[in-house]
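Just so we're aligned, residue 12 is where the sequence shown starts under our numbering, counting upward by one.
From the three backbone atoms N, C-alpha and C, an ideal C-beta is built for every residue, glycine too.
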Amino acid sequence: MFPDVPVIDRPGIICAWDDPKVVAAIEKTARKNLIMAGVTVDVCLAFAAMQAADAGYNVYGVIDASGGLEVTIREHAVARMRDHGITPINWTTVAAELQRDWRLPTGKDLGRVFYDHYHSYGLLVDSFEAATTKPLQKAS
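In structure tokens form, the structure reads like this:
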């Protein structure tokens, strides 16, 4: 999706923020708002997100895009991150906020993703289509 973005190899480093190459790549963007996720919510996301917040970044932790072994682990990780000023968020909120307007060129494709993976949205689309589509007339 982003062919010009280099992959940062960080063998053995548990927390991405402990890798100077990761921090340098983030600093190079000159952005202060970070959307982060991790393989696990309690380690991969939490550790890097808390360090980024401590470094002055506004961090949005995408909880449902990060793995968790059980509900309690996820809840404790979210509470810990909130204590560090991290805003927990979900993937649909991130996607909709970045999309902003369904009429943009990416709207149709994102709408399809929402339809396929976000049950409430799929029901909304089905309901809208049922209300706005003219029923087929039987041939006489």
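Tell me where the alpha helix (DSSP H) around residue i begins and ends.
i	result
Leu1	An answer regarding residue 1 cannot be provided, because it is not within the stretch 12 to 151 covered by the chain.
Gly133	130–143
Thr103	102–110
Report the CB separation of residue i from residue j in whole angstroms; it is logged as a contact under 8 Å.
i	j	result
Arg91	Ile74	In fact, because the Cβ distance is near 12 Å, the residues do not count as touching under 8 Å.
Met47	His95	Met47 to His95, Cβ: 12 Å. No contact.
Using 10 angstroms around the beta-carbon of residue i, count the other beta-carbons present and answer buried if the total reaches 16, otherwise exposed.
i	result
Leu56	buried
Met12	exposed
Ser77	buried
Phe125	buried
Val89	buried
Beta strand (DSSP E) containing residue i: first to last residue?
i	result
Met47	44–47
Does the distance from the CB of residue i to the CB of residue j come in under 8 Å?
i	j	result
Asp15	Arg21	no
Gly49	Ala59	yes
Excluding the 5 residues preceding and the 5 following residue i in the sequence, name in chain order all residues of the same chain whose CB lies nearer than 6 Å to its CB.
i	result
Leu45	Ala63, Tyr68, Val70
Thr51	Gly78
At the 8 Å Cβ level, is residue i part of the contact set with chain B, yes or no?
i	result
Asp137	Here chain B cannot be found, since the structure has a single protein chain.
Leaving out five residues on either side along the sequence, give the residues of the same chain with a beta carbon under 7 Å from the beta carbon of residue i.
i	result
Gln110	Thr117, Gly118, Leu121
Could you name the residues of the same chain whose beta carbon sits closer than 8 Å to that of residue i, not counting the 5 residues immediately before and after it, in chain order?
i	result
Asp65	His95
Just checking residue i against the ligand NAP - is the residue's beta carbon closer than 7 Å to any of the ligand's heavy atoms?
i	result
Gly133	This structure simply doesn't include the ligand NAP, nor any ligand for that matter.
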